[in-house]
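Peer 1: So that we are looking at the same thing, I have put the structure below in structure tokens.
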Amino acid sequence: MKRAVVLMNMGGPNNLNEVKVFLKNMFNDKYIIGAPQPIRAMIGSLIVFKRLEIAKQNYKELGGMSPIVGHTKRLVRRLNKQLDADVFYEMRYTPPFASDIMPKLKNYDEIYAIPMYPHYSSTTTKSSIEDFIKVAKKYNIDKKIKTIDSYYDNPLYNKVIVERIKEALNGEDSKDFELVFSAHGLTQRTINKGDLYQKHILANVECAKKELEEQNISFKKIHVAYQSRLGPMEWLRPYMEDKLKEIKSKVIIYPISFTVDNSETQGELVLEYGEVAHELGIKDYRVAKAPNHHPYFMDAIKGIYESMK
Numbered sequence: 067m068k069r070a071v072v073l074m075n076m077g078g079p080n081n082l083n084e085v086k087v088f089l090k091n092m093f094n095d096k097y098i099i100g101a102p103q104p105i106r107a108m109i110g111s112l113i114v115f116k117r118l119e120i121a122k123q124n125y126k127e128l129g130g131m132s133p134i135v136g137h138t139k140r141l142v143r144r145l146n147k148q149l150d151a152d153v154f155y156e157m158r159y160t161p162p163f164a165s166d167i168m169p170k171l172k173n174y175d176e177i178y179a180i181p182m183y184p185h186y187s188s189t190t191t192k193s194s195i196e197d198f199i200k201v202a203k204k205y206n207i208d209k210k211i212k213t214i215d216s217y218y219d220n221p222l223y224n225k226v227i228v229e230r231i232k233e234a235l236n237g238e239d240s241k242d243f244e245l246v247f248s249a250h251g252l253t254q255r256t257i258n259k260g261d262l263y264q265k266h267i268l269a270n271v272e273c274a275k276k277e278l279e280e281q282n283i284s285f286k287k288i289h290v291a292y293q294s295r296l297g298p299m300e301w302l303r304p305y306m307e308d309k310l311k312e313i314k315s316k317v318i319i320y321p322i323s324f325t326v327d328n329s330e331t332q333g334e335l336v337l338e339y340g341e342v343a344h345e346l347g348i349k350d351y352r353v354a355k356a357p358n359h360h361p362y363f364m365d366a367i368k369g370i371y372e373s374m375k
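Residue numbers for the sequence shown follow the numbering used here, beginning at 67 and rising by one.
Below is the structure:
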């Protein structure tokens, strides 16, 4: 029995030339911008035009590529040594796309597509799975694919969240800090249509709180905030910049939407919001790492894969 595991994520530029590809593909996704074609293409082109140079500059500060690329490759290499399956990865908006890896999968008996999104959303999970299966149908292997919608309540996944928070504490007293779980924003309109994302985020925070309590880790306060909003529409609140204005002491930010560090964690949270925190007079502002290839996260993926068999 030949098995393949495919880790699915949004992606990020492998180099500065791919920044435009990333933005163009993302803002042409019907689940990101709900307008019909050709209106969606026009809106997407306008956003890309406005954001391209700013985005390129941001990626330059991150070394010319998204951190998601290196972290994902390391995760795949390590999982290949632990699973009784061959592990691949594919990205929604940058190479390798589903169409790039599908020829490699056609001779496998079972394919386990695991989204790197712990929380279900049409904008991430549904978009990635639909695209993957659409491409698989061209190779007549779509019936071999098994998927999972969410795993935010996985115990090992929540253990790695707490481990990353402990790393950020670096041995200091947690009672001196406030903790902010920062989630990627989503339009309120999407949530009003029944998207489960916000419910899953808040449920994940409760799971992480429980794990913190079990390890006797207490913070001054624990908050939830949303980052990365775009355009004039109403997005999930509270916004990260507003939440930072409430912080009265040292603060640790945990990027709860993300399993792998990327431009939103290393660029937006570390650099952009770090500057906001400095301007607000927050003297100690720390951003915890995403799970990346932490052993607990690899064990969580292994368990998820085993349960899907």
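Quick reminder that beta carbons are idealized off the backbone N, C-alpha and C, glycines included.
1) Would you call R158 buried or exposed, if buried means 16 or more other Cβ atoms sit within 10 Å of its Cβ?
2) Out of A274, Q293, K349, point me to the one whose CA is closest to F285's CA.
3) Would you check if the region 239–259 and the region 296–311 touch, i.e. whether three or more CB-CB distances between them fall below 8 Å?
4) In chain order, what residues of the same chain have a beta carbon less than 7 Å from the beta carbon of T160, not counting five sequence neighbours either side?
5) Would you check if the region 283–297 and the region 353–362 touch, i.e. whether three or more CB-CB distances between them fall below 8 Å?
6) Take the Cβ of F115 as the centre, count every other Cβ of all protein chains shown within 10 Å, and call the residue buried at 16 or more, exposed below.
7) Would you check if the distance between the CB atom of I177 and the CB atom of I207 is smaller than 8 Å?
8) My parser needs the beta strand (DSSP E) runs of 3 or more residues fully inside the region 229–279; what are they?
9) Between the region 195–212 and the region 220–239, do at least 3 Cβ pairs fall closer than 8 Å?
10) DSSP on Q293, reduced to helix/strand/coil?
11) Indicate the three-state DSSP secondary structure (helix, strand or coil) for I367 in the structure shown.
12) Find out if the Cβ-Cβ distance for the pair I231, I98 is shorter than 8 Å.
13) On a Cα-Cα basis, can you pick out the residue from E372, V342, T331, Y351 that is closest to P357?
14) In the DSSP output, which residue or residues are listed as bridge partners for I180?
15) Indicate the three-state DSSP secondary structure (helix, strand or coil) for Y351 in the structure shown.
16) Which residues bound the alpha helix (DSSP H) around E300?
17) Beta carbon of L149, beta carbon of K314: below 8 Å?
18) Quick one: give me the first and last residue of the alpha helix (DSSP H) that F198 is part of.
19) So, helix, strand or coil for T213, using DSSP?
20) Is the number of C-beta pairs between the region 265–272 and the region 182–189 that are closer than 8 Å three or more?
21) Using the DSSP secondary-structure output, state which residues sit across from D152 in a beta bridge.
22) Please classify I327 as buried or exposed, where buried requires at least 16 other C-beta atoms within 10 Å of its C-beta.
23) Does DSSP classify M157 as helix, strand or coil?
24) Just the C-alpha distance for N236 and P321, rounded to the nearest angstrom, thanks.
25) Just to confirm the assignment, what range does the beta strand (DSSP E) spanning K385 have?
26) Have a look at L296, L302, S240, K68 and flag the residue whose alpha-carbon is nearest the alpha-carbon of Q254.
27) By Cβ distance, which residues of its chain are closer than 8 Å to I370, with the 5 residues on each side in sequence left out?
28) Please report how far the alpha carbon of A152 lies from the alpha carbon of V142, in whole angstroms.
29) Counting along the chain, where does the alpha helix (DSSP H) carrying S111 start and finish?
Peer 2: A quick look at the data gives this:
1) Along the sequence shown, one-based indexing puts residue 158 at 92. The residue in question, R158, is buried, as its Cβ has 16 or more Cβ neighbours within 10 Å.
2) Taking the first residue of the sequence shown as 1, we reach residue 285 at position 219. Among A274, Q293, K349, the Cα nearest to that of F285 is on A274.
3) yes
4) Here residue 160 corresponds to residue number 94 of the sequence shown, with the count starting at 1. Answer for T160: G77, G78, P79, N80, E84, V87, F88, listed in chain order.
5) No, they do not touch.
6) In the sequence shown, the residue the question calls residue 115 occupies position 49. Flag for F115 reads exposed.
7) What you label residue 177 is simply residue 111 of the sequence shown in a count that begins at 1. What you label residue 207 is simply residue 141 of the sequence shown in a count that begins at 1. Cβ atoms of I177 and I207: closer than 8 Å.
8) 243–250
9) Not touching, per the Cβ criterion.
10) For the purposes of this step, residue 293 is taken as residue 227 along the sequence shown, with counting starting at 1. Collapsing the DSSP output to three states places Q293 in a strand.
11) Numbered from 1 along the sequence shown, position 301 holds the residue referred to as residue 367. In the structure shown, I367 sits in a helix (DSSP, three-state: H, G or I).
12) By 1-based counting over the sequence shown, the position of residue 231 is 165. By 1-based counting over the sequence shown, the position of residue 98 is 32. Not closer than 8 Å, so no.
13) Taking the sequence shown and counting its residues from 1, the one referred to as residue 357 is at position 291. Closest option to P357, Cα to Cα, is T331.
14) Residue mapping note: residue 180 aligns to position 114 of the sequence shown, counting from 1. According to DSSP, which records beta bridges pairwise, I180 is partnered with L73.
15) If you number the sequence shown from 1, residue 351 lands on position 285. Correct three-state label for Y351: strand.
16) The residue you call residue 300 lines up with position 234 of the sequence shown. That residue, E300, is in no alpha helix (DSSP H); it is neither H nor E in DSSP.
17) As a working note, residue 149 is residue 83 in the sequence shown. As a working note, residue 314 is residue 248 in the sequence shown. No, these two residues do not count as a Cβ contact at 8 Å.
18) As a first step, residue 198 is located in the sequence shown; it is residue number 132 there, counting from the start. From DSSP, the alpha helix (DSSP H) with F198 extends over 193–204.
19) Mapped onto the sequence shown, residue 213 falls at position 147. Residue state, collapsed to three classes: strand.
20) yes
21) Here residue 152 refers to the residue found at position 86 when the sequence shown is read from its first residue. According to DSSP, which records beta bridges pairwise, D152 is partnered with A70.
22) The residue you call residue 327 lines up with position 261 of the sequence shown. First, the amino acid is wrong: residue 327 is Asp here, not Ile. It is buried - the Cβ of D327 has at least 16 other Cβ atoms within 10 Å.
23) If you number the sequence shown from 1, residue 157 lands on position 91. Three-state DSSP puts M157 in a strand.
24) Position 170 of the sequence shown holds residue 236. Position 255 of the sequence shown holds residue 321. Their backbone Cα atoms lie some 17 Å apart in a straight line.
25) A question about residue 385 goes unanswered here, because the residues of the chain that appear run from 67 up to 375.
26) For the purposes of this step, residue 254 is taken as residue 188 along the sequence shown, with counting starting at 1. Out of L296, L302, S240, K68, L302 has the C-alpha closest to the C-alpha of Q254.
27) Along the sequence shown, one-based indexing puts residue 370 at 304. So the qualifying residues of the chain are I180, I214, Y217, N220.
28) Taking the first residue of the sequence shown as position 1, residue 152 is located at position 86. Taking the first residue of the sequence shown as position 1, residue 142 is located at position 76. Here residue 152 is Asp; the residue named in the question, Ala, does not match the sequence. D152 and V142: Cα-Cα distance of roughly 9 Å.
29) Here residue 111 refers to the residue found at position 45 of the sequence shown. For S111, the enclosing alpha helix (DSSP H) stretches over residues 105–127.
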